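Trainee: What follows is a single structure, and I will ask about it in a moment.
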Amino acid sequence: MEKRQLRIALAGNPNSGKTTIFNNLTGTRQKVGNWPGVTVEKKEGDIHKFGHDIKIIDLPGTYSLTPFSIEEIVARDFILDENPDVVIDIIDASNLERNLYLANQLRELDCKVIFALNMADVARSRGFKIDARKLSELLGVPVVFTVGNKNEGLDDLLKTAIELAASPLEIPEERRVRYSHDIEAAIREMRDYIDSRDGVTLSYDPRWTAVKLLEGDKIIKDRIREKMADQSEKILEKAEQLRGQLSKRLDDEPEIVMTDERYGFIAGIIKEVMSTSTRQRVDISRNIDLVLTNRFLGFPIFIFFIWAMFQITFTLGVYPMEWIDAGVGYLSAFFEYVLPDSVLKDLIIDGVIAGVGSIAIFLPNILLLFFCIALFEDTGYMARAAFLMDKIMHLIGLHGKSFIPMLMGFGCNVPAIIATRSLESRKDRILTILITPFMSCSARLPVYIVLAGTFFAAHAGTVIFMIYLFGIAVAIVSGRLFRTALLKGEDAPFVMELPPYRVPMMKNLLIHMWDRSKMFLKKMGGIILVGSIVIWVLSSYPQHIQYSKDYDAQIEQVKQSYDDKISRSDAVKAARLQQEQSARIETLASAKEAERAEKSYIGRIGKFIEPVFEPIGIDWRGSVALLTGFVAKEIVVSTMGVLYAAEGDAESDALRNALQESGMTALSALSMMIFVLLYVPCLATLGAIGRETGSMKWTFFNLGYTTAVAWGMSFVVYQGGRLLGF
Amino acid sequence: MRLDQMREGQYGRIVRIGGESRLRQRILEMGLTKGSEIYIEKYAPLKDPLELTIRGCHVSLRVKEAAEIDVERLTGKK
Numbered sequence: 002m003e004k005r006q007l008r009i010a011l012a013g014n015p016n017s018g019k020t021t022i023f024n025n026l027t028g029t030r031q032k033v034g035n036w037p038g039v040t041v042e043k044k045e046g047d048i049h050k051f052g053h054d055i056k057i058i059d060l061p062g063t064y065s066l067t068p069f070s071i072e073e074i075v076a077r078d079f080i081l082d083e084n085p086d087v088v089i090d091i092i093d094a095s096n097l098e099r100n101l102y103l104a105n106q107l108r109e110l111d112c113k114v115i116f117a118l119n120m121a122d123v124a125r126s127r128g129f130k131i132d133a134r135k136l137s138e139l140l141g142v143p144v145v146f147t148v149g150n151k152n153e154g155l156d157d158l159l160k161t162a163i164e165l166a167a168s169p170l171e172i173p174e175e176r177r178v179r180y181s182h183d184i185e186a187a188i189r190e191m192r193d194y195i196d197s198r199d200g201v202t203l204s205y206d207p208r209w210t211a212v213k214l215l216e217g218d219k220i221i222k223d224r225i226r227e228k229m230a231d232q233s234e235k236i237l238e239k240a241e242q243l244r245g246q247l248s249k250r251l252d253d254e255p256e257i258v259m260t261d262e263r264y265g266f267i268a269g270i271i272k273e274v275m276s277t278s279t280r281q282r283v284d285i286s287r288n289i290d291l292v293l294t295n296r297f298l299g300f301p302i303f304i305f306f307i308w309a310m311f312q313i314t315f316t317l318g319v320y321p322m323e324w325i326d327a328g329v330g331y332l333s334a335f336f337e338y339v340l341p342d343s344v345l346k347d348l349i350i351d352g353v354i355a356g357v358g359s360i361a362i363f364l365p366n367i368l369l370l371f372f373c374i375a376l377f378e379d380t381g382y383m384a385r386a387a388f389l390m391d392k393i394m395h396l397i398g399l400h401g402k403s404f405i406p407m408l409m410g411f412g413c414n415v416p417a418i419i420a421t422r423s424l425e426s427r428k429d430r431i432l433t434i435l436i437t438p439f440m441s442c443s444a445r446l447p448v449y450i451v452l453a454g455t456f457f458a459a460h461a462g463t464v465i466f467m468i469y470l471f472g473i474a475v476a477i478v479s480g481r482l483f484r485t486a487l488l489k490g491e492d493a494p495f496v497m498e499l500p501p502y503r504v505p506m507m508k509n510l511l512i513h514m515w516d517r518s519k520m521f522l523k524k525m526g527g528i529i530l531v532g533s534i535v536i537w538v539l540s541s542y543p544q545h546i547q548y549s550k551d552y553d554a555q556i557e558q559v560k561q562s563y564d565d566k567i568s569r570s571d572a573v574k575a576a577r578l579q580q581e582q583s584a585r586i587e588t589l590a591s592a593k594e595a596e597r598a599e600k601s602y603i604g605r606i607g608k609f610i611e612p613v614f615e616p617i618g619i620d621w622r623g624s625v626a627l628l629t630g631f632v633a634k635e636i637v638v639s640t641m642g643v644l645y646a647a648e649g650d651a652e653s654d655a656l657r658n659a660l661q662e663s664g665m666t667a668l669s670a671l672s673m674m675i676f677v678l679l680y681v682p683c684l685a686t687l688g689a690i691g692r693e694t695g696s697m698k699w700t701f702f703n704l705g706y707t708t709a710v711a712w713g714m715s716f717v718v719y720q721g722g723r724l725l726g727f
Numbered sequence: 073m074r075l076d077q078m079r080e081g082q083y084g085r086i087v088r089i090g091g092e093s094r095l096r097q098r099i100l101e102m103g104l105t106k107g108s109e110i111y112i113e114k115y116a117p118l119k120d121p122l123e124l125t126i127r128g129c130h131v132s133l134r135v136k137e138a139a140e141i142d143v144e145r146l147t148g149k150k
């Protein structure tokens, strides 16, 4: 008979070494996805060990199972509803007391639990001695020592888990957490009340249900409403009544007293199982923090780290980017060579390869950026960054941790938005996601360089810097606005652990980096692919255009007449004529290309929407450029190159001259730069927003809001500037 | 006295935790329970948040949150 797959869930505090254990257990056989409906990462891995097929599920790291954060709800719901065969609680042995809080909540859930006392070596070096046998005896839970980063004890852990899965569940009544007399009485009354209802079928442990009802647990109340419609009101009423009585008698909310009592219970256990040697332990983390969060040095060092991160990402990234660029070039040259001329060929080369190539080129940046972020997270520095920045970020109504994603936005908005996963509160996350697109990403820079370079020559640098600052200002104002109007409510508590500094493990860093980059490639690749095909179709159809002049004939004519002249001239004169000839042909060819673009679907759309852009000083060509910029903002420059009929490199003088001749003024250039800064983030970013907020509503809100702000700001600048006589 | 009135390098014991239920629960879960001893490690360079040690781990919280916690100062410690 085929043996059933065992399902083992890993639970534990953040920083307890859970991820390392998960990585060591599953190796590279992990799948990363999201928990249904929420943007909490779900990791699982299938392994085959000791003759069993085992699925290991990594639950989000939490300090408790009180359903306040999404992570906690996800972790608890999984245990309650999916009934894993065994739950392994990874306990940081050097921090036993606090870790036992979650451990106890797991015990109360009445599932099969194993405690893995992790980082036992650290605990020993800190002078803690833990009596595992006694702990196991007192709590009725198997206990295994592990050292995750040295791969010690993991086989033991799995064997124990397999054994436990096969044995019946029994946690002796006397080993449970005992609350004080009043609370126990209320629990009993609640339990009896639920039992006395007819037709009540709740699959949860009855004592636990009673405890949660007395704590006023919202999710359990909702579950009861769902599962026993007609009985639920009575049960909830009873619970409220008991809560009221308890509050009066205890002079505090029952859940607070119960938390206190759980800690009391834990303190009792700690006394029995742990002995601390008198040896004064050295707190290395404290010494490091004397420097890194120092009153004077803290910020300079922080700024240096951020600077270093950008340097690594954007300077080191240049080399592989060139390779990818060259690779894409070879690939399209290859298809150019092997495929017969056809629509399909154009689609593959100009649509698919060009489009996907434009996103693939960012991969080195993204890998490096995520590597640095993983380094910040795994060493423990991320928490310090939040500690330093919280005061500033709190002014916008954000959490200190929001700083890093927003900063990454200057590089590329897509990884920045994915990086908001490190924020615990959903509101903070959405708020950060919504304002991150105002951080001017690197793809917008070429547009500024062309426009500012053309119209503000001497002051180009200053103008570009001001544009960046303007983006930050809009982000701050928007942040405050959203916080007060849309995402109201108490800020998430900042109460946060500053974990001990650790030397990161390369394996963890790489897995971390790769997981996130893979997500970027998979999801964004699809969107970009579709988007670039759409833009390609719009700009290359209709294929047969009624040109106002017969360009081909004219080109032919020029060719002929010059060829004749050249054949009749001496060598020096012929060379000059040759140059003249190719210049004239080029002018005609680009005039043709410009007319083709004008008469293509996208040109027609540009003409159609021109009235919308007129008040902000942008003509139809600018409008089309902005439309194509929706796929990726750097495309704006190349589209302008095509439409303003400039030849060669987009940054060359030709485009600048053409722009100046086109009637664009410094003011309309400024207006366009502001529009590019603020308007709809690119397709990939919108895709990221959709995925990370998990809501179409927020995605479309962002689309509408950014466009409205962009138009409004450009309008104010352009019309205001005109009134002032610029 | 309130926790936010304590200075760097001072020891104290938690007497009472106030504030709305969610914040209290969070504070408790981090191990800051009634009767536990704390040490004020430092204030952030911009004077908010603050860092303290409790049961051997470092925890940071905002000054506004610390104001919800009543403490008594322990002066006997070095």
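Going line by line, the protein sequences match chains A and B.
First residue of the first sequence: 2, per this note's numbering; consecutive thereafter.
First residue of the second sequence: 73, per this note's numbering; consecutive thereafter.
The C-beta atom is built at its ideal place from N, Cα and C for all residues, glycine as well.
Bear in mind the structure is a predicted one, so any value in this text is a computation, not a measurement.
#1: Quick one: grab the DSSP three-state call for B:Glu140.
#2: Under three-state DSSP, which class holds A:Gln547?
#3: Does the Cβ-Cβ distance between A:Thr147 and A:Glu153 come in under 8 angstroms?
#4: Give, in chain order, every unbroken run of the beta strand (DSSP E) that is at least 3 residues long and sits entirely within the region 438–511 of chain A.
#5: Sort A:Ala476, A:Leu671, A:Arg179 and A:Asp193 by Cα distance to A:His460 and report the nearest one.
#6: Drop a sphere of 10 angstroms on the beta-carbon of A:Gln106, count the other beta-carbons inside from all chains shown, and report buried for 16 or more, exposed for fewer.
#7: Which of the three DSSP states, helix, strand or coil, is assigned to A:Gly381?
#8: In chain order, what residues of the same chain have a beta carbon less than 6 angstroms from the beta carbon of A:Ser426, not counting five sequence neighbours either side?
#9: Quick one: Cα of A:Pro169 to Cα of A:Tyr102, how far?
#10: What residue range is occupied by the uninterrupted alpha helix (DSSP H) comprising A:Asp261?
#11: Just to confirm the assignment, what range does the beta strand (DSSP E) spanning A:Phe146 have?
#12: Where do the N-terminal and C-terminal ends of the alpha helix (DSSP H) with A:Leu165 fall, by residue?
#13: Between which residues of its own chain and A:Gln720 is the CB-CB distance below 6 angstroms, once the five residues before and five after are set aside?
#14: Quick one: is A:Asp429 near chain C, going by C-beta distance under 8 angstroms?
#15: What's the C-alpha gap between A:Phe702 and A:Gln544?
#16: Is there at least one Cβ from chain A nearer than 8 angstroms to B:Asp76's Cβ?
#17: Taking 8 angstroms as the CB-CB cut-off, is A:Asp391 touching chain B?
#18: Which of the three DSSP states, helix, strand or coil, is assigned to A:Val114?
#19: Could you pull out every residue in the same chain whose Cβ sits closer than 7 angstroms to the Cβ of A:Asp650, ignoring the five residues on either side in sequence?
#20: Within its chain, find whatever has a CB closer than 7 angstroms to the CB of A:Val1; leave out the 5 residues flanking it on each side and keep chain order.
#21: DSSP three-state label for A:Ser663, please.
#22: Suppose you measure from the CA of B:Arg145 to the CA of B:Met73; what does that come to, to the nearest Å?
#23: Does DSSP put A:Leu424 in a helix, in a strand, or in coil?
#24: Does the ligand MG have a heavy atom nearer than 7 angstroms to the CB of A:Asp565?
#25: For A:Asn295 and B:Lys114, what's the separation of their Cα atoms in angstroms?
#26: So, is the C-beta of A:Glu273 closer than 8 angstroms to a C-beta in chain B?
#27: To the nearest whole angstrom, what separates the beta carbons of A:Ala117 and A:Ile89, a pair I think is in contact under 8 angstroms?
#28: Beta carbons nearer than 9 angstroms to chain B: which residues of the region 471–502 of chain A have them?
#29: Determine the burial state of A:Gln561: buried for a count of at least 16 other Cβ atoms within 10 Å of its Cβ, exposed for fewer.
#30: Are the beta-carbon atoms of A:Ala590 and A:Ile556 separated by less than 8 angstroms?
#31: Using alpha carbons as the reference points, say which of A:Leu364, A:Ile304 and A:Ile350 lies closest to A:Met322.
#32: Count the CB pairs spanning the region 237–246 of chain A and the region 215–224 of chain A that are closer than 8 angstroms, and state whether there are at least three.
#33: Considering just the uninterrupted stretch of the beta strand (DSSP E) at B:Ser132, what are its terminal residues?
#34: Am I right that A:Thr686 and A:Val415 are in contact with their C-beta atoms under 8 angstroms? What's the rounded C-beta distance?
#35: Do you know offhand how far A:Met714's Cα is from A:Val613's?
#36: Less than 8 angstroms between the beta carbons of A:Phe411 and A:Met440, yes or no?
Mentor: Reading off the structure:
#1: Start at 1 with the first residue of the second sequence, and residue 140 of chain B comes out as number 68. Of the three classes helix, strand and coil, the one that applies to B:Glu140 here is coil, per DSSP.
#2: Locating residue 547 of chain A in the first sequence gives position 546, counting from the first residue. Three-state result, A:Gln547: coil.
#3: Within the first sequence, numbered from 1, the residue matching residue 147 of chain A stands at position 146. Within the first sequence, numbered from 1, the residue matching residue 153 of chain A stands at position 152. Closer than 8 angstroms, so yes.
#4: none
#5: Within the first sequence, residue 460 of chain A is the residue found at index 459, counting from 1. The candidate whose alpha carbon is nearest that of A:His460 is A:Leu671.
#6: To locate residue 106 of chain A, count along the first sequence from 1; it is residue 105. Under this definition A:Gln106 is a buried residue.
#7: Sequence index remark: in the first sequence, residue 381 of chain A carries index 380 (1-based). Correct three-state label for A:Gly381: coil.
#8: Here residue 426 of chain A is taken as the residue at index 425 of the first sequence, counted from 1. Cβ within range, chain order: Ala493.
#9: Position 168 of the first sequence, counted from the first residue, corresponds to residue 169 of chain A. Position 101 of the first sequence, counted from the first residue, corresponds to residue 102 of chain A. So the alpha carbons of these two residues sit roughly 25 angstroms apart.
#10: As a first step, residue 261 of chain A must be located in the first sequence, where it is residue number 260. Pro255 to Val274 is the extent of the alpha helix (DSSP H) around A:Asp261.
#11: Numbered from 1 along the first sequence, position 145 holds the residue referred to as residue 146 of chain A. Looking at the DSSP string, the run of the beta strand (DSSP E) that includes A:Phe146 is Val144 to Phe146.
#12: Taking the first sequence and counting its residues from 1, one reaches residue 165 of chain A at position 164. It spans Leu155 to Ala167 - the alpha helix (DSSP H) in which A:Leu165 sits, taken as one unbroken run.
#13: For the purposes of this step, residue 720 of chain A is taken as residue 719 along the first sequence, with counting starting at 1. Shown here for A:Gln720: not one same chain residue has a beta carbon closer than 6 angstroms to its own, the five before and five after excluded.
#14: Here the protein chains are A and B, and chain C is not one of them.
#15: Start at 1 with the first residue of the first sequence, and residue 702 of chain A comes out as number 701. Start at 1 with the first residue of the first sequence, and residue 544 of chain A comes out as number 543. Going from the Cα of A:Phe702 to the Cα of A:Gln544 covers about 36 angstroms.
#16: Along the second sequence, read from residue 1 onward, the residue named residue 76 of chain B stands at position 4. For B:Asp76, no CB of chain A lies under 8 angstroms from its own CB, so it is not counted at the interface with that chain.
#17: Walking along the first sequence from the start, residue 391 of chain A turns up at place 390. Interface residue, yes.
#18: Here residue 114 of chain A refers to the residue found at position 113 of the first sequence. Reduced to three states, the DSSP call for A:Val114 is strand.
#19: As a position in the first sequence, residue 650 of chain A is number 649, starting the count at 1. Note that A:Asp650 scores a pLDDT of 47, beneath 50, so its modelled location is shaky; the value from the coordinates is reported in the next line. Cβ within range, chain order: n/a, list empty.
#20: Outside the displayed range of chain A (2 to 727) lies residue 1 of chain A, so it cannot be described from this structure.
#21: Numbered from 1 along the first sequence, position 662 holds the residue referred to as residue 663 of chain A. A:Ser663 falls in the coil class under three-state DSSP.
#22: Numbered from its first residue, the second sequence carries residue 145 of chain B at position 73. Numbered from its first residue, the second sequence carries residue 73 of chain B at position 1. Going from the Cα of B:Arg145 to the Cα of B:Met73 covers about 8 angstroms.
#23: Taking the first sequence and counting its residues from 1, the one referred to as residue 424 of chain A is at position 423. If DSSP states are grouped into helix, strand and coil, A:Leu424 belongs with coil.
#24: What this structure holds is no ligand at all, so the ligand MG is not there to describe.
#25: One-based indexing of the first sequence puts residue 295 of chain A at position 294. One-based indexing of the second sequence puts residue 114 of chain B at position 42. Each residue's alpha carbon lies about 9 angstroms from the other.
#26: In the first sequence, residue 273 of chain A corresponds to position 272, counting from 1. No, A:Glu273 lies away from the interface with chain B (no Cβ there is under 8 angstroms from its Cβ).
#27: Taking the first sequence and counting its residues from 1, one reaches residue 117 of chain A at position 116. Taking the first sequence and counting its residues from 1, one reaches residue 89 of chain A at position 88. With 8 angstroms as the limit, A:Ala117 and A:Ile89 qualify as a contact, their Cβ atoms being about 6 angstroms apart.
#28: So the list reads Glu491, Asp492, Ala493, Pro494, Phe495, Val496, Met497, Glu498, Leu499, Pro500 and Pro501, given in the order they occur along the chain.
#29: Translated into positions along the first sequence, residue 561 of chain A becomes position 560. Per the 10 Å Cβ criterion, exposed.
#30: Taking the first residue of the first sequence as position 1, residue 590 of chain A is located at position 589. Taking the first residue of the first sequence as position 1, residue 556 of chain A is located at position 555. Yes, Cβ-Cβ distance for A:Ala590 and A:Ile556 is below 8 angstroms.
#31: The residue you call residue 322 of chain A lines up with position 321 of the first sequence. Taking only the C-alpha atoms, the option nearest A:Met322 is A:Leu364.
#32: yes
#33: Residue numbering aside, residue 132 of chain B sits at position 60 when the second sequence is read from its first letter. B:Ser132 -> beta strand (DSSP E) spans Cys129 to Leu133.
#34: On the first sequence, position 685 is the one that residue 686 of chain A refers to. On the first sequence, position 414 is the one that residue 415 of chain A refers to. A:Thr686 to A:Val415, Cβ: 6 angstroms. Contact.
#35: Start at 1 with the first residue of the first sequence, and residue 714 of chain A comes out as number 713. Start at 1 with the first residue of the first sequence, and residue 613 of chain A comes out as number 612. Their backbone Cα atoms lie some 14 angstroms apart in a straight line.
#36: As a working mapping, residue 411 of chain A is identified with position 410 in the first sequence. As a working mapping, residue 440 of chain A is identified with position 439 in the first sequence. Yes. Within cutoff.
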